[in-house]
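Q: Following the numbering used here, the numbering of the sequence shown begins with 261 at its first residue and continues without gaps.
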Amino acid sequence: MATIKKRYAPDINNYKYLIHPLKESPKITEGYLYTKEERDIHGFYFHKGIDYAASYRTPVYATASGYAVAGYHRFAILNDDNTPRLYKDKPFSTGLGYFVQIYHPYKVCKIKGGRITQYGHLSKLGDGIYAKTQKPILINFREEIIRKNKTRRSKRKDSEELKELIKNTEKLVWKYPWVRKLYGFSFSDDINKKESYLYTPQELKKLHESGSKYVKWVEQGDIIGYTGTSGLIHGRLRYRENRRKPSVRKFQTWDENHLHFEEAGRDVKKGKKILHRDPYDIYLSKEHYREFHYDTLFIDFEKKISL
Ligand SMILES: [Zn+2]
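(1) Quick one: which unbroken beta strand (DSSP E) runs of 3-plus residues sit fully inside the region 286–341? Chain order, please.
(2) Report yes if the C-beta distance between PHE401 and PRO344 is below 9 Å; otherwise report no.
(3) By the DSSP assignment, the alpha helix (DSSP H) with TYR379 in it spans what residues?
(4) Could you tell me whether any non-hydrogen atom of ligand 1 is closer than 8 Å to the CB of GLU290?
(5) On the three-state DSSP scale, how would you describe PRO281?
(6) Whole-angstrom Cβ separation of ASP515 and THR487, contact assumed at under 8 Å?
(7) Does DSSP classify SER414 as helix, strand or coil?
(8) For GLY355, tell me which candidate among LYS441, GLY471 and TYR268 has the shortest Cα-Cα distance.
(9) Tell me the rounded alpha-carbon separation between TRP438 and LYS348.
(10) Enumerate in chain order the residues of its own chain whose CB-to-CB distance from TYR312 is below 8 Å, with the five nearest sequence positions on each side excluded.
(11) May I ask you to check if the CB of ILE310 is nearer than 8 Å to at least one heavy atom of ligand 1?
(12) Ligand 1 and GLY380: does the residue's C-beta get closer than 8 Å to at least one heavy atom of that ligand?
(13) Which ranges would you report for the alpha helix (DSSP H) in the region 444–478 if only whole runs of at least 4 residues count?
(14) What is the rounded straight-line gap between the Cα of LYS417 and the Cα of LYS423?
(15) Under DSSP, the beta strand (DSSP E) around SER545 begins and ends at which residues?
(16) Just to confirm the assignment, what range does the beta strand (DSSP E) spanning ILE483 have?
(17) Where DSSP assigns a beta bridge to PHE558, which residues make up the other side?
(18) Should GLY540 and ALA269 be called a contact, given that it needs their Cβ atoms to be closer than 9 Å?
Dropping the structure here:
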């Protein structure tokens with residue numbers, strides 16, 4: 261089991277620079293790896309973040325100072341054949357939902373190139389923080405299903421089977437139109453067209469200095485948003501997506517209200533998140549966070565963690 265940490269923990273000194281994003285002792289509901297129950301629902305193994313249980317609209321605090329940006333990120337979960345995956349007979353989605361990302365420069369995190377923290381599924385953003393919204397990408401399920409079938413080495417479906425699969429998918433998408441939309445995937449070199457989470461440190465600084473409303477410098481402990489379940493749709497869409505100033509009411513979905521939190525680096529050339537760290541330095545699934553130790557990224561680590 262310890263091999264996950266050996267293989268995936270980046271070789272970075274665990275300098276403590278964070279405070280917990282929630283005021284109350286946070287109950288951890290998912291660790292660096294998903295629990296078996298959650299994996300069975302969506303099929304993902306790595307979480308690379310921490311989920312904290314929180315009641316709806318709990319304030320979320322900046323874990324460290326830095327440049328805050330916000331956006332919207334959500335995608336429907338698909339099967340291997342690119343048809344929408346169902347949970348209790350209905351399509352469902354994941355992604356960060358309405359999120360805040362803070363870029364912490366070297367002077368804050370003491371790591372060359374800086375680090376980012378992300379806060380997902382928010383129902384509302386903090387004062388002066390606006391989500392930079394981009395048009396969604398639309399999925400053409402017919403093309404995607406055919407394309408995926410061609411890449412299969414065995415058990416390729418014949419045209420009759422494919423026809424049936426496409427027909428059923430189109431029916432489902434007609435009923436749940438949100439399934440076609442992908443949010444948070446606009447990768448462009450053009451500063452106006454790319455997602456705010458992809459801004460380089462230089463762009464953040466420049467935009468902030470020029471008074472852009474999409475980049476706000478926040479201090480450690482500032483309220484940056486409020487918890488919710490945005491991005492986690494199940495069945496019908498119950499809120500408005502891609503708003504600059506979101507306000508997502510409480511709605512029934514496949515997951516509990518929680519805060520998704522993660523700490524990572526970002527490859528600014530490729531825009532990819534890299535070198536994710538488990539802020540508790542455990543790198544396992546939830547059950548293992550009971551053996552809590554002190555080599556964490558938190559200054560306030562003595563705070564009780566409950567499971
Ligand atoms: Zn999460």
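From the three backbone atoms N, C-alpha and C, an ideal C-beta is built for every residue, glycine too.
A: So, from the listed chains and residues:
(1) Correct list: 287–290, 310–313, 319–321 and 326–336.
(2) In this structure, the beta-carbon distance from PHE401 to PRO344 falls below 9 Å.
(3) Counted as a single uninterrupted DSSP element, the stretch harbouring TYR379 is not any alpha helix (DSSP H) but the beta strand (DSSP E) occupying residues 375–382.
(4) Relative to ligand 1, GLU290 has its C-beta within less than 8 Å of a heavy atom.
(5) Correct three-state label for PRO281: coil.
(6) Not confirmed; about 12 Å, so no contact.
(7) Three-state DSSP puts SER414 in coil, outside helix and strand.
(8) The candidate whose alpha carbon is nearest that of GLY355 is LYS441.
(9) Going from the Cα of TRP438 to the Cα of LYS348 covers about 18 Å.
(10) Taken in chain order, the residues that qualify are PRO281, LEU282, PRO286, LYS287, ILE288, THR289, HIS518, LEU519 and PHE521.
(11) Within the cutoff, so yes.
(12) Yes, the beta carbon of GLY380 sits closer than 8 Å to at least one heavy atom of ligand 1.
(13) The qualifying runs are 461–469.
(14) When only Cα atoms are considered, LYS417 and LYS423 end up about 10 Å apart.
(15) In the DSSP assignment, SER545 falls outside any beta strand (DSSP E), carrying neither H nor E.
(16) 483–486 is the extent of the beta strand (DSSP E) around ILE483.
(17) Answer is LEU278, bridged to PHE558.
(18) Checking the sequence shown, residue 540 turns out to be Tyr, not Gly. Taking 9 Å as the cut-off, the beta carbon of TYR540 is found no closer than this to the beta carbon of ALA269.
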